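Chemist: To convert, count from 1 in the sequence shown and add 11; that's this note's numbering.
The following block contains the structure, expressed as structure tokens.
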Amino acid sequence: MHPILEDNTLVCLHGGRVKLKAKKAKRIKSDNVPIMLNNEIQGASISGCLNPPILGGPCTKVAMVFAYTYSDHKVNNKHSVLQMGLIGMSIKGYPIFAIPKKNKIKFALAKIQASPLAKIKYDR
Numbered sequence: 012m013h014p015i016l017e018d019n020t021l022v023c024l025h026g027g028r029v030k031l032k033a034k035k036a037k038r039i040k041s042d043n044v045p046i047m048l049n050n051e052i053q054g055a056s057i058s059g060c061l062n063p064p065i066l067g068g069p070c071t072k073v074a075m076v077f078a079y080t081y082s083d084h085k086v087n088n089k090h091s092v093l094q095m096g097l098i099g100m101s102i103k104g105y106p107i108f109a110i111p112k113k114n115k116i117k118f119a120l121a122k123i124q125a126s127p128l129a130k131i132k133y134d135r
């Protein structure tokens, strides 16, 4: 699967665009465009969101990136994020989508184990 690059399009549900700026992984590039790491997408600002005030107002930042979108490739202990459609949530709780775009880099998905809290036993 292809990682998200600095020139990829990420949008909120209302059409707002996420402003991407690579900082840490500038050496890993496809056609001179660097890859994005999970901590660079998380916290990125969103502009152009048309969510009306009555529904909470416009999305302004990416609140979280889902761990299932992480690749197994790390830079400074941070994962690159793969183009997998739904990749995260805005601070208003609305989904953030990655518009797929081919590039020359391919990474495998990270193998993430469930936390021990997920193994809850129920009384019958």
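Ideal placement from N, C-alpha and C gives every residue a C-beta, glycine not left out.
Quantities reported herein were computed from a predicted structural model and do not represent experimental measurements.
(1) What's the gap between the Cα of Leu24 and the Cα of Ser56?
(2) Please name the residue in Asn88, His84, Met75, Lys34 whose C-alpha comes closest to that of Met12.
(3) Keeping to the same chain, check which residues put their C-beta closer than 8 Å to that of Ser82; ignore five residues upstream and five downstream.
(4) So Ile46 and Leu16 are supposed to be a Cβ contact under 8 Å. How far apart are they, rounded?
(5) Quick check on His52: does DSSP put it in helix, strand or coil?
(6) Leaving out five residues before and five after Lys115 in sequence, what residues of the same chain have Cβ atoms less than 8 Å from its Cβ?
(7) Leaving aside the five residues before and after Leu8 along the sequence, list all residues of the same chain whose C-beta is less than 8 Å from its C-beta, in chain order.
(8) What does the alpha-carbon distance come out to for the pair Ile65 and Val44?
(9) Inspect the beta-carbon positions of Gly54 and Lys72 and report whether they are closer than 8 Å.
Modeler: So, from the data block:
(1) 15 Å
(2) His84
(3) Met12, Pro14, His90, Ser91, Val92, Leu93, Phe118, Ala119, Leu120, Ala121
(4) That pair is a contact at about 6 Å.
(5) Here the sequence assigns Ile to residue 52, which means His is not the residue at that position. It is helical.
(6) Ser41, Asp42
(7) Coverage of the chain is limited to positions 12 through 135, which leaves residue 8 absent and any answer about it impossible.
(8) 39 Å
(9) yes
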